[in-house]
């Protein structure tokens, strides 16, 4: 069961049966959950045919929490096999859950993949990996994963982030904090709206970190049509390049986000859906065992067509040479 104050949405038994059957049929036809035009076309067709209860459960985030937990397909802890030692060895493990997550993501919007991450798959495996314990990526374990906007360095980043739980024996929590719950003074808001420092690519994007273009300065906060929005990744923001005024405002924002943060410990079969324009997420530290029983999540990123929550200046950013690939391009 989830912990924390996240709103919860349930799928009834008939909807769960419908979702599983659709995922199993696609997997049987494709033989894999790896990206292919045929797989994506089948997902689009099946997602369009899913019933009203599933579509209602996948409606946009509708509270200032900026997130919700969706209780989806049950997970057979034995049947999915051991937790992979890294994303690179996961292959098609628990592939039916990959496709179920991709179906739900398609109902919510347009799933995204990245050429430079996890072989271009649309569903990523998030597991602790030996040698990466203290990295600021999903492969870490022993360090606090700092609250951040997913793929904050890129103008094509997701509007929604989905984290589906396969295994979590130790009840390890994802942290989340909404900018809509933060209280900052007008001066801090004005300072953080200035594009004063860049956000650099994280360690999961080795090719992007070698990009030789000038990093664009970007605002941390702005007002969109829907309300206050943020773009935040302190681990990859060179704050030493900012003015003392900016650093002080950024520190106060970090403190406020910590003060309103909630911890969500997912159970197998639960999917955490985070609005990536409202909420920063992270993870508490834990000790990985590397014995096949460690925490294992599936991750999908979703862009919502027609959504206007980003500053127009983002359209001119180079994205450090990284291409975001849409599953269902118009």
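In my numbering, the protein residues as written are 637 to 966.
By construction, the Cβ of each residue, glycine as well, lies at the ideal position given by its N, Cα and C atoms.
Residue 911: member of the beta strand (DSSP E) spanning 906–911, first to last residue. When beta bridges are read from the DSSP output, residue 817 appears opposite no residue. Judged by DSSP in its simplified three-state form, residue 759 adopts strand. Between residue 958 and residue 750, the C-beta gap is smaller than 8 Å, which places the two residues in contact.
The three-state reading of DSSP puts residue 832 in coil, since its state is none of H, G, I, E or B.
In terms of Cα proximity to residue 924, the closest of 674, 765, 683 and 651 is 765. Going by C-alpha positions, residue 949 is about 21 Å away from residue 877.
From the listed residues 748, 951, 815 and 870, the smallest Cα separation to residue 965 is found for 748. With fewer than 16 other CB atoms across the displayed protein chains lying within 10 angstroms of its CB, residue 770 is exposed. By the neighbour-count criterion, in which 16 or more other beta carbons inside 10 Å mark a residue as buried, residue 785 falls on the buried side. Residue 813 sits close to residue 916, with the two beta carbons spaced by under 8 Å. The C-beta distance from residue 669 to residue 731 rounds to 4 Å, short enough to meet the 8 Å contact threshold.
It is roughly 18 Å from the alpha-carbon of residue 717 to the alpha-carbon of residue 759. Straight through space, the alpha carbons of residue 665 and residue 910 are spaced by roughly 31 Å.
Bounds of any beta strand (DSSP E) do not take in residue 871, whose DSSP letter is neither H nor E. DSSP, read as helix, strand or coil, puts residue 877 in helix. Spanning the alpha carbons of residue 742 and residue 657 requires a straight line of approximately 16 Å. In the three-state DSSP reduction, residue 805 falls in the coil class, being neither helix nor strand.
Pairing residue 773 with residue 900 gives a Cβ-Cβ distance that is not under 8 Å. Restricting attention to 867, 895 and 852, the CA atom closest to the CA of residue 859 is found in 867. By the criterion of at least three beta-carbon pairs nearer than 8 Å, the segment 792–803 is not in contact with the segment 872–888. Annotated three-state conformation of residue 682 is helix, per DSSP. In this chain, the beta strand (DSSP E) harbouring residue 961 covers 960–962.
With respect to residue 708, residue 736 sits close: the two C-beta atoms are nearer than 8 Å. Per DSSP, residue 654 has no beta bridge partner at all. A check of alpha carbon separations from residue 846 across 808, 837, 816 and 745 identifies 837 as the nearest.
Close CB contacts of residue 894 within its chain, under the 8 Å cut and outside five residues either way in sequence, are with 783 and 813 (chain order). In the three-state reduction of the DSSP assignment, residue 937 falls in the strand class. Exposure of residue 725 is indicated by the presence of fewer than 16 other C-beta atoms within 10 angstroms of its C-beta.
Between residue 935 and the set 740, 662, 947 and 696, the nearest pair of CA atoms involves 740.
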